[in-house]
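First comes the structure, then the notes that go with it.
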Amino acid sequence: MAGFRARDMAAVGHRMVPHPAVTLALEFGAGQPIVNDASGRQQRGSLVAGLGIGFGGAVWVRGENVECVQVRLSPVVARAVLDVSPSDLDGSMVALDDLWGSEASRIREQLAAVSSWKDRFALTDALLLRRRESRSSSVDPEVAWAWHRIVAGRGLVRVDRLAAEVGWSRKRLWSRFRSQIGLQPKRAAKLVRFDHAAHRLAVGESPSRVAAESGYTDQSHLHRDVVAFTGVTPATVADEPWLAVDDIAWTSHPTPTRPLGS
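Here the sequence shown is numbered in the working numbering, starting from 9 and rising by one per residue.
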């Protein structure tokens, strides 16, 4: 999880870079984040966003005096925690009030009442753990295993080999994976591969090296993939604020917070 504080990103906003996780945003500041997608849909306040949201650079976040805790959840546990299947989200977003009702308001008040990010993270962690423990997983063990293999292999896996390893037909794995994770296995692998490549670009590695070591046929292949996922070139995506935050927020760094637009 990560903490975000943005005084003013109303004019410029921030592009959401697709990520292989279901995103939960819990806002508690004086202002509300406003999220817009390419279809013209808009969400304000706390929300849940589907796996890989932001494809094509179509989703932007704006707002003033925004404070929120953002959590990235594996699609394997997302339904048990959030009360919505990743496949139902289908790369879109839904207001948390619509999913959790009054509980969404309570967590907002609790987050606003404490003064440190450490305490906010602890509150969020306890909330998610409580919800997870009170619900059973709806993901087949074979599907969960396949997802973890894709992530561990940084997207460089073959779907037919995964099916053989779990003892299923390719068609069965394809169908179960799509219905429970929210993406087809091949699409999930492409998203994971892109995510790995984008973060290597963000720390300053050259596109040629990233392409050669991330499973792309050449630099042009990497370029096409990055543009398809983000709407911008590899050189531009390397400077995206969401990726800059990841180096701090999604690792074991002792201070997992970073302001955006402060």
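Where is the CB? At the ideal position from N, CA and C, for every residue including glycine.
Below 8 Å between beta carbons: does that hold for residue i and residue j?
i       : j       : result
Gly-21  : Arg-70  : yes
Val-30  : Val-102 : no
Ala-86  : Arg-140 : no
Leu-191 : Ala-154 : no
Val-84  : Val-147 : yes
Arg-116 : Phe-36  : yes
Arg-208 : Val-218 : yes
Val-165 : Arg-178 : no
Ser-113 : Gln-188 : no
Ile-61  : Gly-109 : no
Ala-205 : Ser-228 : no
Would you mind reading off the limits of the alpha helix (DSSP H) that contains residue i?
i       : result
Ala-205 : 193 to 210
Ala-46  : Segment: none, Ala-46 is in no alpha helix (DSSP H) and carries neither H nor E.
Thr-132 : 125 to 141
Leu-90  : 83 to 90
Glu-35  : That residue, Glu-35, is in no alpha helix (DSSP H); its beta strand (DSSP E) goes 30 to 35.
Leu-107 : 104 to 108
Arg-186 : 178 to 189
Ile-158 : 149 to 160
Thr-238 : 227 to 238
Glu-221 : 215 to 221
Ala-243 : 242 to 245
Among residues of its own chain, excluding the 5 on either side of residue i, which ones have a beta-carbon nearer than 7 Å to its beta-carbon?
i       : result
Val-240 : Gly-65
Thr-132 : Met-9, Leu-34, Val-77, Val-79
Ser-270 : At Ser-270, the pLDDT of 30 sits below 50, so the modelled position is not reliable and the matter cannot be decided from this model.
Gln-51  : Val-43, Met-101, Ala-103
Glu-248 : Arg-23, Val-25
Thr-259 : Residue confidence for Thr-259 is low, a pLDDT of 45 falling below 50, so the modelled location carries little weight; the figure read from the coordinates is stated next. Nothing listed; no residue qualifies.
Pro-242 : Leu-209, Pro-215, Leu-230, His-231, Val-234
Val-174 : Glu-150, Trp-153, Ala-154, Leu-181
Arg-128 : Gly-11, Val-77, Leu-119, Val-122
Arg-143 : Ala-88
Ala-197 : Ile-158, Gly-163, Val-165
Ala-38  : Asn-73
Ser-82  : Ala-29
Residues in its own chain within less than 8 Å of residue i by CB, not counting five upstream and five downstream?
i       : result
Lys-194 : Val-167
Arg-184 : Asp-148, Glu-150, Val-151, Trp-176
Val-92  : Val-56, Ala-86, Val-102, Leu-107
Gln-40  : Arg-52, Gly-53, Gly-71, Val-74
Closer than 6 Å by C-beta to residue i: which residues in its own chain qualify, once you throw out the five before and the five after it? Chain order, please.
i       : result
Ala-210 : Ala-246, Leu-251
Tyr-224 : Leu-230
Ala-120 : Phe-36
His-261 : Annotation note: pLDDT 38 at His-261 (below 50); position unreliable, coordinate value reported separately. Contacts found: none.
Pro-28  : Leu-199, Val-200, Asp-203
Arg-186 : Gln-192
Gly-161 : none
Ser-145 : Ala-88
Leu-136 : Val-89
Asp-45  : Ala-66, Val-67
Leu-97  : Gly-58
For residue i and chain C, any beta-carbon pair shorter than 8 Å?
i      : result
Asp-45 : Included in the structure is just one protein chain, with no chain C present.
Please report the residue range of the beta strand (DSSP E) in which residue i lies.
i       : result
Leu-170 : No beta strand (DSSP E) contains Leu-170, which is instead part of the alpha helix (DSSP H) from 167 to 174.
Asp-98  : Per DSSP, Asp-98 belongs to no beta strand (DSSP E) and is neither H nor E.
Asp-2   : Nothing can be reported for residue 2: it is not among the residues displayed for the chain, which extend from 9 to 270.
Leu-55  : 55 to 57
Val-69  : 68 to 70
> For the 8 Å Cβ check, are there 3 or more pairs between the region 104 to 112 and the region 39 to 58?
Replying inline: yes
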